[in-house]
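Numbering (my numbering), first residue to last: 169 to 394. Heads up, the beta-carbon is just placed ideally off N, CA and C, and yes, glycines get one too. Just so you know, these numbers come straight off a predicted model, no measurement behind them. As C-alpha cells, the structure follows; a few thoughts come after it.
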C-alpha cells in the first residue's frame with residue numbers, strides 16, 4: 169500500500185510480462201485483500217503474460233476461485249479471450265525479457281479476429297471441473313470460440329488445442345489433470361487404478377457440466393469440421 173501511495177507503476181511487468189495482478193494470483197502468500205487493493209488503485213487486468221494468460225486465466229492454474237470471484241465482482245470480463253502468441257526471450261541489461269516474435273507483431277497489426285481462448289476454455293482443457301462449473305455459474309459463454317473455432321466442449325473432449333505448439337501454459341503438461349500420474353508409484357497397481365478412475369471421473373464431470381448448461385450448442389464445428 170505504501171508503494172501504491174508513492175506512485176508505483178501498475179502497468180509495469182516483469183521479464184515474463186507478468187503484472188502485479190498476475191503475481192498476486194500466483195503467490196500462495198496473498199489472499200483476496202491484495203487483489204482488491206490493486207484493483208482499487210486501477211491495476212490493469214487485461215495484460216497477457218508469456219504464457220498467454222491474463223490474471224483471470226491464471227486463477228484456474230492456481231486454484232484461486234476466491235480471487236476469480238473478486239476479479240469478476242470488479243468488472244473483469246469473464247469471456248475475455250486471448251489469442252496465443254510466440255514470445256521470444258532476449259537479453260537486456262543482464263536480464264531476460266520476452267518480446268513478441270516478428271510474425272506475431274504483424275498478425276496483431278492486421279488481424280481483426282475477436283475470437284479467443286477464455287478462462288472457461290482453459291478450465292475445460294486442463295480438466296478442472298470445479299472452475300468449469302464456477303465460470304458457467306457466473307455466466308461464462310459455453311459457446312465462446314477460439315481462433316480455430318474451438319468451444320470449451322471441444323477442448324474438454326479432445327484434451328488438446330489447435331494451432332502452433334507454443335511453449336506456454338496451454339500446452340504445458342503440469343497444468344493438466346493427467347499430471348497426477350507424476351506422483352504415482354508405477355509399481356503400485358492399486359494406486360494406479362485409483363488415479364485412473366479419478367482422472368476419468370473428473371474429465372467426465374467437466375463435459376457433463378458443459379452439457380448441463382442449456383446454452384451449450386453441441387452442433388458447433390471447429391476449424392477441422394469436428
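A straight line joining the alpha-carbon of residue 218 with that of residue 392 spans about 27 Å.
One Cα belongs to residue 250, the other to residue 390, and the distance between them is close to 17 Å.
The DSSP-derived three-state label of residue 304 is helix. Residue 341: not part of any alpha helix (DSSP H); DSSP gives it neither H nor E. Around the CB of residue 196, fewer than 16 other CB atoms lie within 10 Å, so the residue is classed as exposed. Taken atom to atom, the span from the alpha-carbon of residue 346 to that of residue 302 is near 21 Å.
Around the C-beta of residue 296, 16 or more other C-beta atoms lie within 10 Å, and the residue is accordingly described as buried. Counting only runs that start and end inside the segment 187-237, the alpha helix (DSSP H) elements of at least 4 residues fall at 188-194, 200-208, 223-229. Per DSSP, reduced to three states, the secondary structure at residue 256 is strand. Under the 10 Å beta carbon count, residue 222 is surrounded by 16 or more other beta carbons and is classified as buried. The C-alpha of residue 376 lies about 16 Å from the C-alpha of residue 290.
Between residue 225 and residue 360, the alpha-carbon positions lie close to 30 Å from each other.
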